[in-house]
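Residue numbers (my numbering): 2 to 309.
Ideal Cβ positions, reconstructed from N, Cα and C, are used throughout, including at glycine.
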Amino acid sequence: MSDKPEIRHAYQNHHLDTHRWDDFKPRPDDIVISTSYKAGTTLTQTIVTNLLFPNGDMPGSVSAISPWLDMRLPPLKETLEKLEAQTHRRCIKTHLPLDGLQFFDEIKYVIVGRDPRDVFMSLVNHYGNHTPEFYQAMNNTPGRVGDPFPVFEEDIHKLWNSWITRGWFDWESDGYPYWSHLHHCKTWWEFRHLPNIHLIHYNDLRADLEGQMRALAAYLEIEVAESCWPNVVKACEFETVKANPEKVLEDSVNFMFKGGGQTFIHKGTNGRWKDILSEDELDLYRQAMEKTLPEDCAKWLESGGDYQ
2 MSDKPEIRHA
12 YQNHHLDTHR
22 WDDFKPRPDD
32 IVISTSYKAG
42 TTLTQTIVTN
52 LLFPNGDMPG
62 SVSAISPWLD
72 MRLPPLKETL
82 EKLEAQTHRR
92 CIKTHLPLDG
102 LQFFDEIKYV
112 IVGRDPRDVF
122 MSLVNHYGNH
132 TPEFYQAMNN
142 TPGRVGDPFP
152 VFEEDIHKLW
162 NSWITRGWFD
172 WESDGYPYWS
182 HLHHCKTWWE
192 FRHLPNIHLI
202 HYNDLRADLE
212 GQMRALAAYL
222 EIEVAESCWP
232 NVVKACEFET
242 VKANPEKVLE
252 DSVNFMFKGG
262 GQTFIHKGTN
272 GRWKDILSED
282 ELDLYRQAME
292 KTLPEDCAKW
302 LESGGDYQ
């Protein structure tokens, strides 16, 4: 393994296009948030943007301030121009693994992990509530590489079998019909020693939101007045976000999901898989973890906590 991250794969499918980062011009204080999906991406974006704007004066919704650059639907020129026009400290979202993303020494990266079984349960709601218009856009917008995005067949057990045993890309072994959750974590885990890579876990965010936010602020070198902390933390609580989705999501969420923001921001809970997945299905999970992840990485991804 190289001492520095290197691009080894091009991630291009119905959702992703690695090459949308090719013309990205980094700034020394940029922040990049990376998850596979359904691991606390929006929560972490909400945290970071509220840390950047602790007085409650954010100039737009969280997703407008923190765009998903590798999502191939929005016109790239428009997304890059919006980022370039931002005069505040920028926060960019990506779902790319580190082996598909150009790495910048001057950028601070925040990586979010979550138990794969909890990711899957959140994904069922996500995948199962796409609108017909969204499927059409995913599959018919010019530039798609590879097969079309398949429609959810409403069978959670069939989806689990595919998701945990099959990759969309040849170098992955899980994640279908999206991309791998496990490989994503592995690529960042291998470089967790670098000073500008910081891992956080969804379990820890839910267990001690303020503590995790203060640690993240310290890593990002963001100073928040002590008097602002109660409101900043409250703005990031699940109940607050659920009640005010317009502060977090752009109007496009209504095009993407039946029920809009209320569907996208679903339950935020863990452990629902215990009532769904059989022992045989959990065996597939254990096999996938052993196949892809080193033991310490698998333990952290499942439970969280300190990772050094």
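Residue i - DSSP class collapsed to helix/strand/coil
i                 : result
histidine 158     : helix
tryptophan 69     : strand
threonine 95      : strand
valine 33         : strand
leucine 217       : helix
isoleucine 312    : What is shown of the chain runs 2 to 309, which leaves residue 312 out entirely.
histidine 127     : helix
aspartate 119     : helix
leucine 206       : helix
glutamine 309     : coil
phenylalanine 104 : coil
leucine 278       : coil
aspartate 18      : strand
phenylalanine 153 : coil
phenylalanine 25  : coil
phenylalanine 258 : strand
Sub-8 Å separation of residue i and residue j beta-carbons
i              : j                 : result
isoleucine 32  : lysine 109        : yes
valine 111     : leucine 217       : yes
tryptophan 164 : glycine 176       : yes
leucine 302    : phenylalanine 192 : no
asparagine 56  : cysteine 237      : no
leucine 183    : proline 117       : yes
glycine 101    : cysteine 186      : no
tryptophan 189 : leucine 200       : yes
glycine 129    : phenylalanine 153 : yes
glycine 272    : histidine 202     : no
methionine 257 : phenylalanine 121 : no
Range covered by the beta strand (DSSP E) that runs through residue i
i           : result
glycine 114 : 109-114
Extent of the continuous alpha helix (DSSP H) to which residue i belongs
i             : result
histidine 184 : 182-190
isoleucine 48 : 42-53
threonine 142 : Threonine 142 -> no alpha helix (DSSP H), and no H or E assigned at all.
serine 62     : Here serine 62 belongs to no alpha helix (DSSP H), and DSSP marks it neither H nor E.
aspartate 297 : 296-304
threonine 241 : 239-244
threonine 80  : 77-86
Buried versus exposed call for residue i [16 or more other C-beta atoms within 10 Å across all chains shown]
i              : result
serine 181     : buried
tryptophan 172 : exposed
arginine 73    : buried
histidine 158  : exposed
serine 37      : buried
alanine 226    : exposed
Would you call the segment 133-150 and the segment 82-99 touching, i.e. three or more CB-CB distances under 8 Å?
No: the two stretches stay apart, fewer than three of their Cβ pairs being nearer than 8 Å.
Evaluate the contact criterion for the segment 87-107 versus the segment 57-68: three or more CB pairs, one atom per stretch, below 8 Å.
Between the segment 87-107 and the segment 57-68 there are three or more C-beta pairs closer than 8 Å, enough to call the two in contact.
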